[in-house]
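Oh and the sequence shown: position 134 is 134 in the UniProt record's numbering, straight run, nothing missing. Even glycine gets a Cβ: it sits at the ideal position worked out from N, Cα and C. In this text, all values refer to a predicted model and were calculated from it rather than measured experimentally.
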Amino acid sequence: MRFDILTLFPDMCRAVVDESILGRAQAAGTIEIHTHNIRDYSLDRHRRVDDYPYSGGPGMVMQVDPVRRAVDAVRAEAGSRGHVIYLSPKGRRFTQQRARELLGCEHLILLCGHYEGIDERILELLVDEEISAGDYVLTGGELPALMVVDAVARMVPGVLSERESFENESIYTGLLEYPQYTRPPEYEGLAVPEVLLSGHHKNIEQWKRRESLRQTLCKRPDLLEQAQLTQRDREVLEELIREQREDFDNSEKKQV
Numbered sequence: 001m002r003f004d005i006l007t008l009f010p011d012m013c014r015a016v017v018d019e020s021i022l023g024r025a026q027a028a029g030t031i032e033i034h035t036h037n038i039r040d041y042s043l044d045r046h047r048r049v050d051d052y053p054y055s056g057g058p059g060m061v062m063q064v065d066p067v068r069r070a071v072d073a074v075r076a077e078a079g080s081r082g083h084v085i086y087l088s089p090k091g092r093r094f095t096q097q098r099a100r101e102l103l104g105c106e107h108l109i110l111l112c113g114h115y116e117g118i119d120e121r122i123l124e125l126l127v128d129e130e131i132s133a134g135d136y137v138l139t140g141g142e143l144p145a146l147m148v149v150d151a152v153a154r155m156v157p158g159v160l161s162e163r164e165s166f167e168n169e170s171i172y173t174g175l176l177e178y179p180q181y182t183r184p185p186e187y188e189g190l191a192v193p194e195v196l197l198s199g200h201h202k203n204i205e206q207w208k209r210r211e212s213l214r215q216t217l218c219k220r221p222d223l224l225e226q227a228q229l230t231q232r233d234r235e236v237l238e239e240l241i242r243e244q245r246e247d248f249d250n251s252e253k254k255q256v
């Protein structure tokens, strides 16, 4: 799978994608991640890619032509039209489900905006989809673009080893992941749950599922609406809800 990031700060992006799992996957040829400086496609002698907005007001707007040239060059190099994503707070919020869907694209082109945004004609001529990292404003689109690349790339077969498998991670399964522990078995009075030290694999798996449900119920109950739950999962959730109520009632009594 190929990713092309169009940005004013390619070094910022390379510092992330060339490290750790993504770096190893590129070295192995499992994925390709290319970064392109939009300024390289400007015809201005000062490599300008922005200008004042016709509507007035503060800030600058990214021009159509350098972006058009960048996208055309990437498509020619890749031999593919690609799926063009503009990272924007106006876009649809990025989710694990959308990451799974984008995995079906062989080529993603991610456009990082800056200044006050981009000329609307870029959206009309080039962009297939707008994606948002969330309901907040960032300096540019680089961080959201890296987020999309990481979320999609790690699901490409061969990127993660079996040991690093994503299939049991938070959100991917529809639930949050269970708590993780490592050595030492006790630290400042806090002990690793005994079941994890027991070596009893069936009990450990049951504990992991129960704690995954507990984490989701406490921290992201909204995920339970879409999660695929078994009858046993529903019974465990009822037990956990009863425990929550009992804990709340006990705390209320202590305050009285």
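DSSP beta-bridge partners of residue i
i	result
I109	D4, V84
G69	The sequence shown places Arg at residue 69, not Gly. Beta-bridge pairing links R69 to no other residue.
M62	D50, I118
Y187	L190
R93	S132
Residue i and residue j closer than 8 Å at C-beta
i	j	result
P185	W207	no
A78	H36	no
L196	L240	no
R81	R75	yes
Q63	V49	yes
V71	L126	yes
D4	I122	no
D150	L22	yes
L102	V137	no
S132	G199	no
R39	R45	no
L10	S42	At residue 10 the sequence reads Pro, which differs from the Leu that was named. Contact: no.
R93	G134	yes
Y187	Q96	no
Assumed close pair residue i, residue j - CB separation to whole angstroms, cut-off 8 Å
i	j	result
Y86	E130	5 Å
S170	E177	4 Å
R100	M155	7 Å
G141	A227	Contact doesn't hold; Cβ gap of about 31 Å is too wide.
residue 257	A145	Outside the shown range of the chain, which is 1 to 256, sits residue 257, and nothing can be said about it.
L237	L217	6 Å
Are the segment 56–70 and the segment 116–127 touching by the rule of at least three beta carbon pairs closer than 8 Å?
-> Flag = yes, the segment 56–70 and the segment 116–127 touch.
Jot down the residue ranges of each uninterrupted beta strand (DSSP E) in the segment 229–255, minimum 3 residues, whole runs only, in chain order.
-> Entirely contained in the segment 229–255, not one beta strand (DSSP E) run reaches 3 residues.
At 3 residues or longer, and completely inside the segment 10–47: list those beta strand (DSSP E) runs for me, N to C.
-> As summarised for the segment 10–47, the continuous beta strand (DSSP E) elements at least 3 residues long and confined to that stretch are 32–37, given in chain order.
Quick one: which unbroken beta strand (DSSP E) runs of 3-plus residues sit fully inside the segment 190–214? Chain order, please.
-> Complete beta strand (DSSP E) runs here, min 3: none at all.
Should the segment 146–161 be regarded as contacting the segment 208–228, the criterion being three or more beta carbon pairs within less than 8 Å?
-> Contact check between the segment 146–161 and the segment 208–228: fewer than three CB pairs, one atom from each, fall below 8 Å, which does not count as touching.
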